[in-house]
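J.: Counting in UniProt numbering, the sequence shown runs from 1 upward without gaps. All C-beta atoms in this analysis are idealised placements derived from N, C-alpha and C, irrespective of residue type, glycine included. Computed from a predicted model, the values in this text were never measured in an experiment.
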Amino acid sequence: MTEYGRRNATRLGPDQVRRARFAPASRRRPGLEAEQVYAFLAMVADELGYLHRDLAVARAENERIKKGLRAWQSQHADCAVTVHGTPVTKPSVGRARPHGRQGDW
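(1) Taking the C-alpha atoms as reference points, what is the distance between residue 35 and residue 41?
(2) Output the boundary residues of the beta strand (DSSP E) element that contains residue 87.
(3) Compute the beta-carbon to beta-carbon distance between residue 80 and residue 87, rounded to the nearest angstrom, for a pair I have assumed lies under 8 Å.
(4) With H, G and I counted as helix, E and B as strand and the rest as coil, what does DSSP make of residue 30?
(5) Given this structure, state the Cα-to-Cα distance separating residue 146 from residue 50, to the nearest angstrom.
(6) In terms of DSSP beta bridges, what is residue 81 paired with?
(7) Identify the continuous alpha helix (DSSP H) that holds residue 19 and give its terminal residues.
(8) Starting from the Cα of residue 24, find the closest Cα among 37, 46, 47 and 13 and give me that residue.
(9) Going by DSSP in three states, residue 105 sits in which element: helix, strand or coil?
Written as structure tokens, this is what we have:
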């Protein structure tokens, strides 16, 4: 298996869908060859299925990471930040950062 449970590493791309062409059915019967169309639709449906599963896995992973981050932030909300043993607090607007560094806290 490959990433996110994909079995087939070949992905159907948008350009393949746009370029798909089907042979005429026959001179007696106008239209496209039904078997080619149905085979292509099955391929598109399979790819959409893979994409939906991949998206669901990515969303679940994203939610798991966000929950973990929230839990970590809650556990460390009261932790004091120190620099060489000296407590550091966020300065009010207009104050310089310690050690002359620039940027946001």
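T.: In terms of the structure at hand:
(1) Within the sequence shown, residue 35 is the residue found at index 35, counting from 1. Within the sequence shown, residue 41 is the residue found at index 41, counting from 1. C-alpha separation (whole angstroms): 10 Å.
(2) The residue labelled residue 87 in the question sits at position 87 within the sequence shown. Element bounds for residue 87: 86–88.
(3) Numbered from its first residue, the sequence shown carries residue 80 at position 80. Numbered from its first residue, the sequence shown carries residue 87 at position 87. About 5 Å; that satisfies the 8 Å criterion.
(4) Start at 1 with the first residue of the sequence shown, and residue 30 comes out as number 30. Reduced to three states, the DSSP call for residue 30 is coil.
(5) Any answer about residue 146 is impossible in this case: the structure gives the chain only from 1 up to 105.
(6) In the sequence shown, counting from the first residue as 1, residue 81 sits at position 81. Answer is 88.
(7) Within the sequence shown, numbered from 1, the residue matching residue 19 stands at position 19. Taken as a continuous stretch (DSSP letters only), the alpha helix (DSSP H) holding residue 19 covers 14–19.
(8) Stepping through the sequence shown from its first residue, residue 24 is reached at position 24. Looking at the Cα atoms, 37 is the closest of the given residues.
(9) Here residue 105 is taken as the residue at index 105 of the sequence shown, counted from 1. Note that residue 105 scores a pLDDT of 49, beneath 50, so its modelled location is shaky; the value from the coordinates is reported in the next line. Residue 105 falls in the coil class under three-state DSSP.
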